[in-house]
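Trainee:
In my numbering, the protein residues as written are 25 to 153.
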């Protein structure tokens, strides 16, 4: 099963597969698409459909990914990324207390504004985006 849209990331996760693996597959598909110099419509198709709600951190992460991809490629940001469920009410730091300082400086704006501090690790492979 290929994961080529953020909506599929949520769908496959809700069906029982691992969220992190689904995101990695999506980022791999995005990196290939970017390498192949897609038109904007191809990139928009990867992020435009609203993913099903998975809850909390997952919903915020999906919103941040879509916003980051849109921003880096001069695309309109999908409206669903600004829905309240795509933001966390309290800061969430991946990696525990020891990682707080590093995550405060390495997390992109698209994630920080959602109160999700996860660094750049999941975005490094799409740096060309």
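The C-beta atom is built at its ideal place from N, Cα and C for all residues, glycine as well.
May I ask which residues mark the beginning and end of the alpha helix (DSSP H) holding residue 105?
Mentor: Residue numbering aside, residue 105 sits at position 81 when the chain shown is read from its first letter. Counting along the chain, residue 105 falls outside any alpha helix (DSSP H), and DSSP gives it neither H nor E.
Trainee: Tell whether a beta-carbon distance below 8 Å holds between residue 91 and residue 134.
Mentor: Start at 1 with the first residue of the chain shown, and residue 91 comes out as number 67. Start at 1 with the first residue of the chain shown, and residue 134 comes out as number 110. Yes, the pair counts as a contact, with Cβ atoms nearer than the cut-off.
Trainee: May I ask which residues mark the beginning and end of the alpha helix (DSSP H) holding residue 80?
Mentor: Taking the first residue of the chain shown as position 1, residue 80 is located at position 56. Unbroken alpha helix (DSSP H) run through residue 80: 80–96.
Trainee: Given a threshold of 16 other Cβ atoms within 10 Å of its Cβ, counted over all protein chains shown, does residue 30 qualify as buried or as exposed?
Mentor: As a working mapping, residue 30 is identified with position 6 in the chain shown. The residue in question, residue 30, is buried, as its Cβ has 16 or more Cβ neighbours within 10 Å.
Trainee: So what's residue 99 in DSSP terms, helix, strand or just coil?
Mentor: Working through the chain shown from its first residue, we reach residue 99 at position 75. The answer is coil: DSSP assigns residue 99 none of H, G, I, E or B.
Trainee: With residue 139 as the anchor, note down where its alpha helix (DSSP H) starts and where it stops.
Mentor: Residue mapping note: residue 139 aligns to position 115 of the chain shown, counting from 1. Taken as a continuous stretch (DSSP letters only), residue 139 belongs to no alpha helix (DSSP H), as it is neither H nor E.
Trainee: Taking residue 69 as part of the alpha helix (DSSP H), name the residues at either end of that continuous run.
Mentor: By 1-based counting over the chain shown, the position of residue 69 is 45. Residues 64–71.
Trainee: Would you list the residues sitting across from residue 117 in a DSSP beta bridge?
Mentor: Numbered from its first residue, the chain shown carries residue 117 at position 93. Residue 117 pairs with 141.
Trainee: Buried or exposed for residue 83, going by 16 or more other Cβ atoms inside 10 Å?
Mentor: Here residue 83 refers to the residue found at position 59 when the chain shown is read from its first residue. Per the 10 Å Cβ criterion, buried.
Trainee: On the CB-based measure, 16 or more other CB atoms within 10 Å of its CB, does residue 106 come out buried or exposed?
Mentor: Translated into the one-based positions of the chain shown, residue 106 becomes position 82. Counting Cβ neighbours within 10 Å, residue 106 comes out exposed, since fewer than 16 surround it.
Trainee: Counting pairs of Cβ atoms below 8 Å between the region 32–45 and the region 64–78, do you hit three or more?
Mentor: Contact between the region 32–45 and the region 64–78 is present, because at least three Cβ pairs lie under 8 Å.
Trainee: When burial is assigned at 16 or more other CB atoms within 10 Å of the CB, is residue 46 buried or exposed?
Mentor: Locating residue 46 in the chain shown gives position 22, where the first residue counts as 1. So residue 46 ends up on the buried side.
Trainee: Could you check where the alpha helix (DSSP H) with residue 38 kicks off and where it finishes?
Mentor: Within the chain shown, numbered from 1, the residue matching residue 38 stands at position 14. Note, residue 38: alpha helix (DSSP H), 30–38.
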